[in-house]
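Colleague:
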Amino acid sequence: MEKHKFSKVYRALNCLTLFQGVVQDKTVQCYHKLLGTIMQGETTSPLDLLAEYHRLVGLLLEETIKPQIPVVGNPWQNHLLNRILFDDHIYARQSVSEQNIPPMVEEAFLHDLNNLQIICLEGWQVMEQYFSETPGVFSIKTHALPEMAGHHPLSGQFTSMKKKLLAAIHWPHHLKDFKDFYKTAGFGEFARYWAFRWEAGAHGFHLSAIEDPDPIQLQQLIGYERQRKQILSNTERLLKGQSAHNLLLYGDRGTGKSSSVKALLHKYGPLGLRLVQVSRKNLHSLQSLTRLLRTLPQKFIIFIDDLSFEESETEYKEFKTQLEGSLEQQPSNVCIYVTSNQRNLIKEYFGDRTTKVVDGEIHVGDTMQEKLSLVDRFGLKITFLAPDKEVFLEIVRELANQEGIHMDPAALERLAIQWTLWNNERSGRTARQFIDHIKGSEDYDIF
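Take this note's numbering: the final residue in the sequence shown is number 486, and no numbers are missing along the way.
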């Protein structure tokens, strides 16, 4: 093959300005090293070239089996397009802000797009042609991979953008498409993942991506339609940029409070919703988290699951201040959703309601008022009570239908009631456990 074709791709790789995440990617670095070695000519061992080539092929194939990412194009194109759209750089950040993009930054971005198109569309052609006549080479060819079946969290706009770039004649002409993509899908890890944990590390707190969030779907949740309608309505207000409330979901255990929040991801993730789970021990860093999230284009739900405080604990006072009471306003793209088995979040005692006299002043239930003031920080409080017998059986019947369990309705109800006696409660969770228990039993004789 003519050396100038290698040089064209090699030069493009060495002339990227903004897309440093692409340059630093281990697969791209492997390609870069192999290309440079080929250009050195006869000074390199053919066996070393083969080893490096097959290492590169292995890395590319690994990318094609990741379930979260739709496959578009051949393995090299697919990988490079993923890295391009996931990259976090100054142009992407400026695109989602209200500030004007400096002309020099836009010029650098257009320059990079031109080089990236060369790398993406011509990069694997030169490699395949070079190794095409080498015996024993495993070739992945240049034809497109079939799109994998199943649901992809990143399908839709992400897939559309990848296909648009593969078909484009000149990538710099698609500047508006990139701007629109960054404003809706985001950039970096926030384009790739929908769920995160707020965790402490060696260098402070950071967001850690959750690769496989709970797959629960809203249609799998039975009952509590009124409560979920309130949650959906508030979440849609957040997504539309309208005023939305912090939510407190409280009530009996196993009634679907947490699942109702987790299921929001699969309905609203494609529209820009992201979920950040925060543990109770990290509540003191909540303002650091909101400062980070306010700079991003997506809408965020900070999810605090199963929250409660003991009487002797005072951390709730700091949490109360962080919710509302500090000088720093909560970002408009952030809401806090809390679940708890206790309405007031703090254990309540009869003595909290008593009247006290201090220095001649009467204080009626000061402790009680202090505790209630935390709950008052939530604009919407939604109650999940344990279902009565009829509602519980309705949940059981619907879950059985979803799972394809066909048995006499009277027998199903009899077994379900017996199951609640064994577990000492009626709840959506108990119904799910009952259905899971009988799924594998052909005769449904479980007791």
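Note that beta-carbon positions come from the ideal geometry of N, C-alpha and C, so glycine has one too.
Can you give me the C-alpha to C-alpha distance between residue 295 and residue 254, rounded to a whole angstrom?
Modeller: Along the sequence shown, one-based indexing puts residue 295 at 256. Along the sequence shown, one-based indexing puts residue 254 at 215. About 14 Å.
Colleague: With 16 as the cutoff for other CB atoms within 10 Å, does residue 208 come out buried or exposed?
Modeller: Locating residue 208 in the sequence shown gives position 169, where the first residue counts as 1. So residue 208 counts as exposed.
Colleague: Three or more beta-carbon pairs under 8 Å between the region 246-266 and the region 427-440, yes or no?
Modeller: The region 246-266 is in contact with the region 427-440.
Colleague: Can you give the Cα-Cα distance for residue 50 and residue 202, rounded to whole angstroms?
Modeller: As a position in the sequence shown, residue 50 is number 11, starting the count at 1. As a position in the sequence shown, residue 202 is number 163, starting the count at 1. So the alpha carbons of these two residues sit roughly 25 Å apart.
Colleague: Exposed or buried, which one is residue 280 when buried takes at least 16 other CB atoms within 10 Å?
Modeller: On the sequence shown, residue 280 is found 241 positions in, with the first residue counted as 1. Flag for residue 280 reads exposed.
Colleague: Hey, could you find the ends of the beta strand (DSSP E) residue 290 is sitting in?
Modeller: Taking the first residue of the sequence shown as position 1, residue 290 is located at position 251. 286-290 is the extent of the beta strand (DSSP E) around residue 290.
Colleague: Helix, strand or coil: which one does DSSP assign to residue 210?
Modeller: For this step, residue 210 is matched to residue 171 along the sequence shown. In this structure, residue 210 counts as helix in the three-state DSSP scheme.
Colleague: Does the region 91-100 come close enough to the region 120-138 that 3 or more CB-CB pairs lie under 8 Å?
Modeller: No, because fewer than three Cβ pairs between the region 120-138 and the region 91-100 fall closer than 8 Å, the two stretches do not touch.
Colleague: In whole angstroms, what is the alpha-carbon distance linking residue 331 and residue 300?
Modeller: Taking the sequence shown and counting its residues from 1, one reaches residue 331 at position 292. Taking the sequence shown and counting its residues from 1, one reaches residue 300 at position 261. Rounded to whole angstroms, residue 331 to residue 300 spans 22 Å at the Cα level.
Colleague: How many whole angstroms separate the CB atoms of residue 55 and residue 61, which I take to be in contact at a CB cut-off of 8 Å?
Modeller: As a first step, residue 55 must be located in the sequence shown, where it is residue number 16. As a first step, residue 61 must be located in the sequence shown, where it is residue number 22. Right, their Cβ atoms sit about 6 Å apart.
Colleague: Let me check one thing: in DSSP terms, what residues is residue 247 bridge-paired to?
Modeller: Against the sequence shown, residue 247 aligns to sequence position 208. Answer is 236, bridged to residue 247.
Colleague: Can at least three beta-carbon pairs, one atom from the region 241-255 and one from the region 416-423, be found at a separation below 8 Å?
Modeller: At 8 Å Cβ cutoff, the stretches do not touch.
Colleague: Does DSSP classify residue 402 as helix, strand or coil?
Modeller: The residue you call residue 402 lines up with position 363 of the sequence shown. Reliability of the predicted coordinates at residue 402 is poor, the pLDDT of 47 falling under 50, and the value obtained from them is presented with this limitation in mind. Strand.
Colleague: Can you tell me whether DSSP reads residue 314 as helix, strand or coil?
Modeller: Reading the sequence shown from its first residue, position 275 is the one you call residue 314. Strand.
Colleague: CB-CB under 7 Å to residue 369, same chain, minus the five flanking residues each way: which ones, in chain order?
Modeller: Residue numbering aside, residue 369 sits at position 330 when the sequence shown is read from its first letter. If we look at residue 369 and ignore the five residues flanking it on each side, its Cβ neighbours are 329.
Colleague: By the three-class DSSP mapping on this structure, what secondary structure does residue 181 have?
Modeller: Stepping through the sequence shown from its first residue, residue 181 is reached at position 142. Low confidence applies here, because residue 181 scores a pLDDT of 46, under 50, leaving its location unreliable and the question unanswered by this model.
Colleague: Measure the beta-carbon distance from residue 371 to residue 287 and round it to whole angstroms, keeping in mind my assumption that it falls under 8 Å.
Modeller: Within the sequence shown, residue 371 is the residue found at index 332, counting from 1. Within the sequence shown, residue 287 is the residue found at index 248, counting from 1. With a Cβ gap of about 20 Å, residue 371 and residue 287 do not count as contacting.
Colleague: Would residue 342 and residue 325 be called neighbours here (beta carbons separated by less than 7 Å)?
Modeller: Along the sequence shown, read from residue 1 onward, the residue named residue 342 stands at position 303. Along the sequence shown, read from residue 1 onward, the residue named residue 325 stands at position 286. In this structure, residue 325 does not lie closer than 7 Å to residue 342 by Cβ.
Colleague: Assuming residue 92 is part of the beta strand (DSSP E), what are its boundary residues?
Modeller: As a working mapping, residue 92 is identified with position 53 in the sequence shown. Careful: residue 92 lies outside any beta strand (DSSP E), inside the alpha helix (DSSP H) at 85-103.
Colleague: Between the alpha carbons of residue 236 and residue 272, how many angstroms are there, rounded?
Modeller: For the purposes of this step, residue 236 is taken as the residue at position 197 of the sequence shown. For the purposes of this step, residue 272 is taken as the residue at position 233 of the sequence shown. Taking the straight line joining both Cα atoms gives about 25 Å.
Colleague: Counting along the chain, where does the beta strand (DSSP E) carrying residue 422 start and finish?
Modeller: If you number the sequence shown from 1, residue 422 lands on position 383. Per DSSP, residue 422 belongs to the beta strand (DSSP E) from 419-423.
Colleague: Do the CB positions of residue 127 and residue 227 come within less than 7 Å of each other?
Modeller: Position 88 of the sequence shown, counted from the first residue, corresponds to residue 127. Position 188 of the sequence shown, counted from the first residue, corresponds to residue 227. Cβ atoms of residue 127 and residue 227: closer than 7 Å.
Colleague: On the criterion of 16 or more Cβ atoms from any shown chain inside 10 Å, does residue 80 qualify as buried, or is it exposed?
Modeller: Here residue 80 refers to the residue found at position 41 when the sequence shown is read from its first residue. Under this definition residue 80 is an exposed residue.
Colleague: Count the other CB atoms within 10 Å of the CB of residue 443; is the residue buried (16 or more) or exposed (fewer)?
Modeller: For this step, residue 443 is matched to residue 404 along the sequence shown. It counts as exposed.
Colleague: Among residues of its own chain, excluding the 5 on either side of residue 210, which ones have a beta-carbon nearer than 6 Å to its beta-carbon?
Modeller: Working through the sequence shown from its first residue, we reach residue 210 at position 171. Excluding sequence neighbours, residue 210 sits near 152 and 156.
Colleague: In its own chain, which residues sit with a C-beta less than 7 Å from the C-beta of residue 64, not counting the 5 before and 5 after it?
Modeller: In the sequence shown, the residue the question calls residue 64 occupies position 25. Same-chain partners within the cutoff: 122.
Colleague: Using DSSP with H/G/I as helix, E/B as strand and the rest coil, what is residue 470?
Modeller: Position 431 of the sequence shown holds residue 470. Helix.
Colleague: Got a sec? Which residues, its chain only, sit under 7 Å from residue 492 by beta carbon, not counting five neighbours each side?
Modeller: Nothing can be reported for residue 492, as the shown portion of the chain is limited to 40 through 486.
Colleague: For residue 487, which three-state DSSP category applies?
Modeller: Beyond the ends of the chain as shown, which are 40 and 486, falls residue 487; an answer cannot be given.
Colleague: Between the Cα of residue 73 and those of 45, 100 and 466, spot the shortest distance and give me the residue it belongs to.
Modeller: In the sequence shown, residue 73 corresponds to position 34, counting from 1. Answer by Cα proximity: 45.
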